[in-house]
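Engineer: Chains as they are written, first to last, in the working numbering: chain A, 1 to 113; chain B, 1 to 112. Ideal Cβ positions, reconstructed from N, Cα and C, are used throughout, including at glycine.
Take a look at the structure:
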């Protein structure tokens, strides 16, 4: 079955430190790949997406993600975290020709001052 | 201002009652979706619609119903048959079924 794994349920970093959130997907075909962010009690905001082309994708709020086909991964990174980045982050995939977004369980990010 | 609106933000329901959650978009998107979110889990697809007057079941459609009479609107009814309806419900839309999905602010439903 198609699935998305976010291995880290909670991550805590200090403000100004670098961040990497992991995401792996199952199934052989290369899907469309997304990262969304959710603040408490809010909807999801799209951070970035990968459809094809350059495997390093730039998004909003200083985030970037790198698609690695050999590892079936799409990890999210930020060089310097701000306190306002504290939120829950969801990785999602969509296989070509299908409407369905498949979500990971999310990673909750806490930022220490 | 273009976007997706959901109402109400909070909804309380007694057991045995049906409730309807509203989702409206003015983005001129063809496709609309309903997801359910539970603590510690990702989003799960309830129903989706690619075009007016057409919709398909997602992974967890039991106990829910939808309609798509207008392009802008995709209301979700949570029926009394839904065993555990307390959750956060998110509506999304996209230009077409395989395009990027954008989300509304959500409705939190609590069954008393």
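(1) Which term fits residue 96 of chain A, buried or exposed, when burial requires 16 or more other beta carbons within 10 angstroms of its beta carbon?
(2) When we look at the beta-carbon of residue 49 of chain B and count the other beta-carbons within 10 Å, is it buried (16 or more) or exposed?
(3) Could you give the first and the last residue of the continuous beta strand (DSSP E) run that contains residue 115 of chain A?
(4) Is the Cβ-Cβ distance between residue 51 of chain B and residue 34 of chain B less than 7 angstroms?
(5) Please confirm whether residue 39 of chain B has its beta-carbon closer than 7 angstroms to some beta-carbon of chain A.
(6) Pick out whichever of B:106, B:30, B:98 and B:63 has its Cα sitting closest to the Cα of residue 44 of chain A.
(7) Can you check whether the C-beta of residue 106 of chain A is within less than 7 angstroms of a C-beta belonging to chain B?
(8) Hey, is the stretch 54-67 of chain B in contact with the stretch 75-88 of chain B, meaning 3+ C-beta pairs nearer than 8 angstroms?
(9) Let's see if you can read the secondary structure: which residues bound the beta strand (DSSP E) around residue 98 of chain A?
(10) Check the Cβ of residue 42 of chain A against every Cβ in chain B and list those closer than 8 angstroms, keeping chain order.
(11) Quick check: is the beta carbon of residue 24 of chain A nearer than 7 angstroms to any beta carbon in chain B?
Structural biologist: Let's see:
(1) Residue 96 of chain A sits at position 96 when you count from the first residue of the first chain. By the 10 Å Cβ count, residue 96 of chain A comes out exposed.
(2) Sequence index remark: in the second chain, residue 49 of chain B carries index 49 (1-based). Classification of residue 49 of chain B: buried, given that the 10 Å Cβ count is 16 or more.
(3) With chain A running from 1 to 113 in the structure shown, residue 115 of chain A is simply not present.
(4) Position 51 of the second chain holds residue 51 of chain B. Position 34 of the second chain holds residue 34 of chain B. Cβ distance not < 7 angstroms, so residue 51 of chain B and residue 34 of chain B don't count as in contact.
(5) For the purposes of this step, residue 39 of chain B is identified with residue 39 of the second chain, where counting begins at 1. So no, residue 39 of chain B is outside the interface.
(6) Here the question's residue 44 of chain A lines up with position 44 in the first chain. Of the listed residues, the one whose Cα sits closest to residue 44 of chain A is B:106.
(7) Working through the first chain from its first residue, we reach residue 106 of chain A at position 106. So, interface residue.
(8) yes
(9) Residue 98 of chain A sits at position 98 when you count from the first residue of the first chain. Taken as a continuous stretch (DSSP letters only), residue 98 of chain A belongs to no beta strand (DSSP E), as it is neither H nor E.
(10) One-based indexing of the first chain puts residue 42 of chain A at position 42. Correct list: 105 and 106.
(11) By 1-based counting over the first chain, the position of residue 24 of chain A is 24. So, not an interface residue.
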